[in-house]
Amino acid sequence: MLTYMMLLAGILSPYTGSAQVSDAPLQPVVAVQTAEYAAMPASNSVQTASMPSATDSVYEAPYTQDTLNYSTLNGVSLSDSRAELLEKKGEPLRKVQTDAGYTEYEYGDVKVGMMGEHIYYVSVPARAGSLTLDGHTLPFNKQAITSELGQPDFTADDGEGYNNDFYAFKVFTNPDTGEIVSADIFDTTTE
540 MLTYMMLLAG
550 ILSPYTGSAQ
560 VSDAPLQPVV
570 AVQTAEYAAM
580 PASNSVQTAS
590 MPSATDSVYE
600 APYTQDTLNY
610 STLNGVSLSD
620 SRAELLEKKG
630 EPLRKVQTDA
640 GYTEYEYGDV
650 KVGMMGEHIY
660 YVSVPARAGS
670 LTLDGHTLPF
680 NKQAITSELG
690 QPDFTADDGE
700 GYNNDFYAFK
710 VFTNPDTGEI
720 VSADIFDTTT
730 E
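540 is the number of the first residue of the sequence shown in my numbering; add one for each residue after it.
Here it is in structure tokens:
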């Protein structure tokens, strides 16, 4: 019995002169090369099990200031081209040339600042009542925004905001009254 177990474990070779356990031909032993195992069902029937990969999410992480990109506001992304903007939103209600040289495309729920084919900012007026930042809807309320996103990364006379070194989300306020005027996203590398 000990010889048989040693043969199965691969410690003994049947060619070392030890006694043969049975007259049955020897079967090759396969070494396991991976640490991924699936449990065998109780019926001992062979089934394939799907193994989770390292990229499979076990849980959905809550969105926080660290997990938001600040790159999409009300469905318009800073990486959209003019053609993609027109495909998503259609023709604007108005096009306005700003003093800064941007062409502002005005829609009912959003204003988009364009320079040539590139979007430089997206702005949602407070009258919209809410905004959708990177797919998450937030009310136009400073306390609610702070509750959802945490303390702002920066403050200024005209508002406060959050950034991730590439894009920023800023809530603009009236300096005299403190009322929210708009919420904008913009590329921090162009400001």
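Cβ coordinates follow ideal geometry from the N, Cα and C atoms, glycine included. Because the structure is a prediction, the values reported are computed rather than measured.
Helix, strand or coil for residue i, going by three-state DSSP, please let me know.
| i | result |
| --- | --- |
| Gln636 | strand |
| Leu624 | helix |
| Ser616 | strand |
| Thr727 | coil |
| Gln586 | At Gln586 the pLDDT is 45, less than 50, meaning the model places this residue with poor confidence; the figure from the coordinates comes in the next sentence. The answer is coil: DSSP assigns Gln586 none of H, G, I, E or B. |
| Tyr598 | Bear in mind that a pLDDT of 35 at Tyr598, under 50, signals an unreliable position, so the number given afterwards is only what the model happens to contain. The answer is coil: DSSP assigns Tyr598 none of H, G, I, E or B. |
In terms of residues, what are the limits of the beta strand (DSSP E) holding residue i?
| i | result |
| --- | --- |
| Leu670 | Ser669 to Leu672 |
| Pro678 | His675 to Pro678 |
| Ser702 | Checking the sequence shown, residue 702 turns out to be Asn, not Ser. That run of the beta strand (DSSP E) goes Gly698 to Asn702. |
| Phe796 | Nothing about residue 796 can be read from this structure; the chain reaches only from 540 to 730. |
For the putative contact between residue i and residue j, defined by C-beta atoms under 8 Å, what is the C-beta separation to the nearest angstrom?
| i | j | result |
| --- | --- | --- |
| Ser686 | Thr676 | At roughly 14 Å, the Cβ-Cβ gap does not stay under 8 Å, so Ser686 and Thr676 are not in contact. |
| Val661 | Asp648 | Not a contact, Cβ separation roughly 11 Å. |
| Ile658 | Leu617 | 5 Å |
| Tyr701 | Ala707 | 7 Å |
| Glu656 | Lys650 | No, Glu656 and Lys650 are not in contact; Cβ-Cβ is about 17 Å, not under 8 Å. |
Under the DSSP definition of a beta bridge, which residues are partnered with residue i?
| i | result |
| --- | --- |
| Ala722 | Val663 and Val710 |
| Val651 | Tyr644 and Val661 |
| Thr732 | Look at the range of the chain in this structure, 540 to 730, and you will see that residue 732 is not part of it. |
Going by DSSP, what residue range makes up the alpha helix (DSSP H) through residue i?
| i | result |
| --- | --- |
| Thr685 | Lys681 to Leu688 |
I'd like to know whether the C-beta of residue i is nearer than 8 Å to at least one C-beta of chain D.
| i | result |
| --- | --- |
| Lys681 | Although the question refers to chain D, the structure presented lacks it and comprises just one protein chain. |
Just mark residue i as buried or exposed, buried being the case when its beta carbon has 16 or more other beta carbons within 10 Å.
| i | result |
| --- | --- |
| Leu625 | exposed |
| Asp704 | exposed |
| Pro714 | exposed |
| Leu607 | buried |
| Gly689 | exposed |
| Ser592 | Only weak support is given to the placement of Ser592: the predicted model assigns it a pLDDT of 48, under 50, and the value that follows is read from those uncertain coordinates. Its Cβ having fewer than 16 others within 10 Å, Ser592 is exposed. |
| Glu718 | exposed |
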